[in-house]
Amino acid sequence: MKRPIDLQREGGAQASVPDGKPIIRMFVFADRLFFMTPSSIFAAKLADEIDPERLNSAIPQVVQQEELAYGADDDLVRGTVSITDELLKNGAPHLPEGFDIARSQALALETAQELAAINDEIRWLHSKQKEVNEGLAAGRWNRAFIPRTQNLRGRTEQALSHARQAALNIIAIGELFYPRARPNLPWRAALEGALHRHLPADDPFLATFGEIADDLESAIQHRNAAVHPDKMKWVRCLDHELSPNDKVLAPTIEIMHPAWAVDRTDVSQYLEVRLGQLIAAYELVLAICCDRNVRNFGPFVTFVAQRPPDSEADARFHWVTQVREGEQFPPEAGNNAGA
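Below you can see the structure in the form of structure tokens.
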């Protein structure tokens, strides 16, 4: 005989997210349930996951915790989590058997978290610059005393580390489709070599990937220059300064590197460019690798397509299946075998 708690757990469960906003996407990554709203991602656990013996009827049917303070309105989520769920949902039937979907899903969420940390730093820098500008305008500071940005070097190095890890995750996504022949091969040579072996020589992705690889390698090398400086490579962060034209400059960064040097520039602008590069890289690598590794069946052809710019969907790419040119479906009467 079923207990009251059994009837409660087996009845229909309803959930609304804590921020009160609409749920844009509900998805399962690596056996974890998530709700995505325009501004957040919430991880959810069912009561039976917390209390499998069904001993405590006070546990809510669905228990949620904010996983990420970014959601479907944010490019860093749309270009990682949304596109991954869009292209790999329902067991990714269009991709080769054995493709590691769980690993791809984990990489998407991890990369979104790394990118969110970079964006948090950009927001923090903007808020500090706003404080400085407002302080100067209100007379709290004057040009004879320039305010200091607390822990500028440490926070910038952290952002560089997050960028490096995001770059490594993007490389890992590519290697799920095109594994290294040997673990000790340099990632770029291995991945570019695999692409040239598997794709036609005139495939436009080969040139695009070269640009993406530059962005990924520079992200990795900039972090190495910050953590392991020497005469040939280093990162220098400079705080607010008074310029000759009587303006207080925002904090800046300068990077010395034999191949990936960066002239002195605003730290927040540097990070904004890097963030955009990494979002675009993740999105394109996943979308194009899915497209180039599709399995087609019968009279159908399936490919990854880009949605129109005015689409309200949170994923920019999606699967499209059409009847192959020259084929007909359903077959005309009289064309069936044995007719």
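Mapping of the sequence shown onto the working numbering: residues 1 to 339, in sequence order. Just so you know, even glycine gets a beta-carbon here, dropped at the ideal spot from N, CA and C.
- When the five nearest sequence neighbours on each side are left out, the beta carbons in the same chain lying within less than 7 Å of the beta carbon of SER104 are those of THR84, LEU88, ILE173 and LEU176, in order along the chain.
- Here ILE255 is bridged, per DSSP, to VAL235 and VAL262.
- In this structure, PRO204 sits away from ALA194, with a CB-CB distance that is not shorter than 9 Å.
- Looking at the DSSP output, ARG32 bridges to PHE29.
- Here PRO258 is near MET232, since their CB atoms are less than 9 Å apart.
- Of the other Cβ atoms in all chains shown, 16 or more fall within 10 Å of the Cβ of ARG274; this residue is therefore buried.
- For the 9 Å CB-CB criterion, VAL81 and PHE27 form a contact.
- Considering only ASP73, LEU199 and SER127, the residue with the shortest C-alpha distance to THR149 is SER127.
- Scanning its chain for C-beta atoms nearer than 8 Å, with the 5 sequence neighbours on each side dropped, one finds around ALA166 the residues THR111, GLU114, LEU115, ILE118, ALA219, LEU278 and TYR282, in chain order.
- In the three-state reduction of the DSSP assignment, PHE209 falls in the helix class, which pools H, G and I.
- Unbroken alpha helix (DSSP H) runs of no fewer than 4 residues, entirely contained in the region 43 to 85, are found at 47 to 50, following chain order.
- By the Cβ rule, the region 122 to 136 counts as touching the region 264 to 272, because three or more pairs are nearer than 8 Å.
- Secondary structure of GLN277 (DSSP, three-state): helix.
- DSSP places TRP187 in the uninterrupted alpha helix (DSSP H) bounded by 187 to 198.
- In the DSSP assignment, no residue is bridged to TRP124.
- Non-local beta-carbon contacts of TYR70 in its own chain, meaning distances under 8 Å to residues more than five positions away in sequence, involve SER39, SER40, ILE41, LEU76, VAL77, ALA112, ALA116 and ASN119 in chain order.
- DSSP, read as helix, strand or coil, puts GLN221 in helix.
- In the three-state DSSP reduction, ALA172 falls in the helix class (H, G or I).
- Residue pairing by DSSP leaves GLN150 without any beta bridge partner.
- In the structure shown, PHE177 adopts helical secondary structure according to DSSP, grouped into three states.
- Closest option to ILE23, judged by alpha-carbon separation, among PHE29, ALA15 and GLN61: ALA15.
- The region 180 to 194 makes contact with the region 207 to 221: 3 or more CB pairs, one atom from each, lie closer than 8 Å.
- Per the DSSP secondary-structure output, ALA305 pairs in a beta bridge with HIS318.
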